[in-house]
Amino acid sequence: MKNITYLLLLLLTAAACTPADRKLVIGVSQCSEDIWREKQNRELKTGQYLYDNVKLRFASARDNDQKQVEQINRFIDEPVDLLIVSPNQVNTISTVIDKAYARGIPVILFDRKTDSKNYTAFMGADNFEIGKTMGTLIANTLNGRGKVVEIMGLKGSSPAIERHRGFAEALQRYPGITLITSEQGDWTEQSGEQAMRKVLDEASDVDVVFGQNDRLAMGARRTVQAELPDRAVRYFGVDGLPGKDGGIVAVKNGLMTATYIYPTHGTELMQLAMNILERKPYRRENRLQSAIVTKNNADVLLMQYTELEKQSRNIDLLHRQVDTYFDRLNSQKTTIAMAVALILILIFSAIMLYRTTLMKSRLNDELLHRNDELQRLSHEIEEMTQAQLTFFTNVSHELRTPLTLIADPVQRLAADATITGERHELLSLASRNVGVLMQLVNDILDFRKVQNGKMSLRLSHFSLSEAITAWTRDFTAAAARHDITLTLHTDPETDYSITADRDKLMRVFGNLMSNALKYTPAGGKIDVTTGRTDDGQLRFSVSDTGMGIDADELPKVFERFFQTRHSTGGTGIGLALVKAFTELHHGQVTVQSEKGQGTAFTVTLPVTQQGALAEDAAEAASAPFTAPAEAEPTTLTAAFAALNDETEGKETVLVIDDNADVRAYVRSVLGGKYTVTEADNGRAGLETARREVPDLVVCDVMMPVMDGLEFTNELKNDTATSHIPVVLLTARTLDDQRIEGYQQGADAYITKPFTAKVLMARVENLLRTRQNLRRLYASQSVASTPQTPADAASAAADGFVANSRDQAFIARLRQVIQQNMTDSDLNVEKIGSEIGLGRVQLYRKVKALTGSSPVELLRTARLQRARTLILTTDKTISEIAYEVGFTAPSYFAKCFKDEFGMAPGEVRQE
Ligand code: FRU
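Numbering (our numbering), first residue to last: 394 to 1303.
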């Protein structure tokens, strides 16, 4: 860019200096400096105006030969294109003129000559003729008699020599004329004065003085005027210049008798020079014609000169103006040239800028394109990753059910004291590894849950040090087996109270411990330390004396699926989960490691968390350590002890699951205590439930034909079955699905994989709650009193609130019984048809809700009414018995006694 601008400027400069514009230089070497030479120089300048490609350079030697030689040498060196020389003397400067000529510089001699033939052209008047004409004129003026004095110009100058010869020759023809003397001058007025003084010293009878130029004549006149004021002397000169000091004015004013115009002809001289330079034809010898000035023509000539002068001044003025215009034009040209250059530079810059912008935008486009491509690729990779993760998640989900079905039986067998020896060892091995597998599946699912933002904290309030002490204890055996010293350091003074998700912190701790165990060699140490940070947070750390982690790998250890170079297996999910769960608590996990020295992980946690404490968090918190790699198998003694208890009047549990193994497994868990019926989808389950009205339903969510949510909805909206508690059993762990289940009316939600203990506990808990409800309904007589606020509060305290459909059912049942009890034909079928339920349904529902059969309820209602009538009326016992629907007073009396422990008559007597 810079180079091109420079090139443009160079071109412009070159254009301004084309060869056509180069000026020719003419050097003018004048021998003297006087008004004649001034006039000639002016005329040369005027002549120059006719040519626009020539420049004149003037030099004046001031009558000095040496000076003139130097000046001409300088012109040669310059070099000039042509030389015009008026040589001071004939032979003093011939050498330097020869030199110029030899160098190829054309030389024009003007007015005076040299003794050399080396010149290009000569221009001048015929000085011999001038001398002769003036001699003749003087002789005639004196009428052939008189004395004449000649005062000559510079000795050795050609006009002086030639004029003298012409003058002398003319006077020879007049014998009565005496040339007293030819006195030497040097063309100046002063030399004229001196010469005349010399003449007068010798002769005073002079009639005419002939000065070879006007200045010499006027000088002589001044001397005569001074020395012989009365002598009438006539003066003649040469040059005939205009102007106040010129010869014409002197003639006009009678100071001189006549003069001869010695022509300057500067313009013609200029033309000759240009012809030579422009290689046009020219003459080598150019004689200038002239004329005599006397009193007769002096006026006319003066007028002509004045006019000429005026014209010449006008021309000069015009030329100066033209020069000014040219100057302006030139400066405008320069300005325009600069403007054009600037515009060109601007255009060029604009083009370059445009090109750069274009290139930039192309590059930008390309970058954007590449970016898009990268984004698309990263999107594709992300999608692929997501798809893979979803696949892993789904697989993990799928693994939960079979894992549950393997884990629990294996754990039950491993706990069986009758199995010993090698078989027990094998079972323990299987049990431990199923635990590891379940932990892995849980970790993957939990990590996905955190990633999807679906993981929330189930908060409880506990002591972190107590929890860590318990959890550390779980690892004692494993550490001992590996010959690792496991030490716990806690400060008894510190307050370790914390509100957190105990289960998740247990998983954090478990993962850190598993990690430490994995990488610590036998004989090594693991230290668990708890404490409080300066800013009031709680922390715990697990440090080991293992192999350590490379410094470059440290920042990545918490990345999902990252494995160190020295990793000995594993999935890389454990530490990612540690970080995720810690950050879920708004805490931090850091790692410090030194190669060969060991690694320390530190978890820092705030002591409180936002959000309410979870209702069942206590239950979750008290759950056993899920499955550390080396944890002892969970014992289920209590659960299975209960399982084996044979109980009378077994309650019925309907198990709905499309997986026959799950149904069989649930049956194996619950079958000992409850009567278990099965269905393999929601629709079949609904039919069974309506038909048999079970006491509880355990139902899978994801099933063909009708899923668990729809089943629950249908079940809870049917009066015959609305009271039946539903436990949803599913591999889905997401909270919103859990919420959806509850919204459909589910009473509990158990996620796979589940332990027999948890399932049994849930089922028992729900059925116990039913009994509480039964107590509620039993306490409020269906026969008479409506539910009191105290009853409702007691039910709520028991953790159960009857649903509105069941409340409405009870109210309706009460109404039907109250209104129809006097009807002795009122029976279960009749009540059922009034309410819209079949006999069995009515029986099962009423029994489930109240613990009594409809018949028992009806009888109790009749007896209570009878008791009221006995106490408040005078009616006979028999009348009352019939009124409340008994057909036989004796049977009434028996029933009354069974109900109240007293005979009706005894009640009346009270
Ligand atoms: C001017 C001049 C004239 C004279 C001429 C002779 O310098 O002295 O007066 O006529 O030169 O060359």
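Note that the Cβ used here is the ideal one computed from N, Cα and C, for glycine as well. Small disclaimer: the values here were computed from a predicted structure and weren't measured.
Coarse secondary structure for residue i, derived from DSSP in three states
i	result
S1331	There is no way to answer for residue 1331, as the model of the chain reaches only from 394 to 1303.
F1147	coil
D765	helix
P1297	helix
V1086	coil
R866	helix
N1110	coil
Y889	coil
A532	helix
Y747	helix
T853	What sits at residue 853 in the sequence shown is Ser, not Thr. Correct three-state label for S853: strand.
Q577	strand
R566	coil
Y653	strand
I685	strand
D1199	helix
N679	strand
H882	strand
M545	strand
Residue i and residue j closer than 9 Å at C-beta
i	j	result
R680	A514	no
G1231	P1247	no
T883	I861	yes
K448	I469	no
A893	Q1002	yes
M663	Q441	yes
V602	V626	yes
F951	V921	no
A684	I654	yes
L1152	L1122	yes
H897	F974	Checking the sequence shown, residue 897 turns out to be Lys, not His. Closer than 9 Å, so yes.
V1156	V1046	yes
K988	G941	yes
G647	K703	no
K594	E555	The displayed chain sequence assigns Asp, not Lys, to residue 594. Not a contact, by the Cβ cut-off of 9 Å.
Exposure label - residue i; buried when at least 16 CB within 10 Å
i	result
L1206	buried
E576	buried
F719	exposed
P948	exposed
Y1284	exposed
S789	buried
A1315	No answer is possible for residue 1315: it lies beyond the span of the chain, which begins at 394 and ends at 1303.
D1291	exposed
I891	buried
S425	buried
E1249	exposed
N904	buried
Identity of the residue in the options nearest residue i by Cα
i	options	result
V1119	D1093, I573, T1112 and A1113	D1093
G461	L475, G636 and I486	According to the sequence provided, residue 461 is Gln. The question's Gly does not apply to it. Of L475, G636 and I486, the residue nearest in Cα terms is I486.
A1296	G1278, L1264 and T1280	L1264
A666	E582, N446 and T699	N446
D928	L910, G967, G980 and T922	G980
G524	Y889, Q565 and R1163	Q565
P914	T938, V921 and M899	T938
H875	K911, V1059, Q618 and D888	K911
G546	Y512, A561, L530 and R608	R608
G1101	A1113, T1112 and A1141	A1141
V715	Y444, R1255, H772 and P552	Y444
V478	I966, P472 and A454	A454
L1256	E1227, T1215 and I744	T1215
ask   = Which runs of the alpha helix (DSSP H), 4 residues or longer, sit entirely within the stretch 439-487?
value = Whole alpha helix (DSSP H) segments, 4+ residues: 458-470.
task = Report the residue ranges of all beta strand (DSSP E) runs contained in full by the stretch 899-926; include only those spanning at least 3 residues, in chain order.
result = Restricted to the stretch 899-926, the beta strand (DSSP E) segments that are unbroken, complete and at least 3 residues in length are 918-925, listed in chain order.
Contiguous alpha helix (DSSP H) assignments of at least 4 residues, all confined to the stretch 1257-1294 = As far as the stretch 1257-1294 is concerned, its whole alpha helix (DSSP H) runs of at least 4 residues are 1270-1276 and 1282-1293.
task = Taking only runs that begin and end inside the stretch 700-748, name each unbroken alpha helix (DSSP H) of 4 or more residues, in chain order.
result = For the stretch 700-748, not a single whole alpha helix (DSSP H) run of length 4 or above is found.
Inside the stretch 578-639 only - beta strand (DSSP E) runs reaching at least 3 residues = As far as the stretch 578-639 is concerned, its whole beta strand (DSSP E) runs of at least 3 residues are 601-604 and 627-632.
key: beta strand (DSSP E) segments (min. 3 residues) lying fully within the stretch 770-820   = Whole beta strand (DSSP E) segments, 3+ residues: zero.
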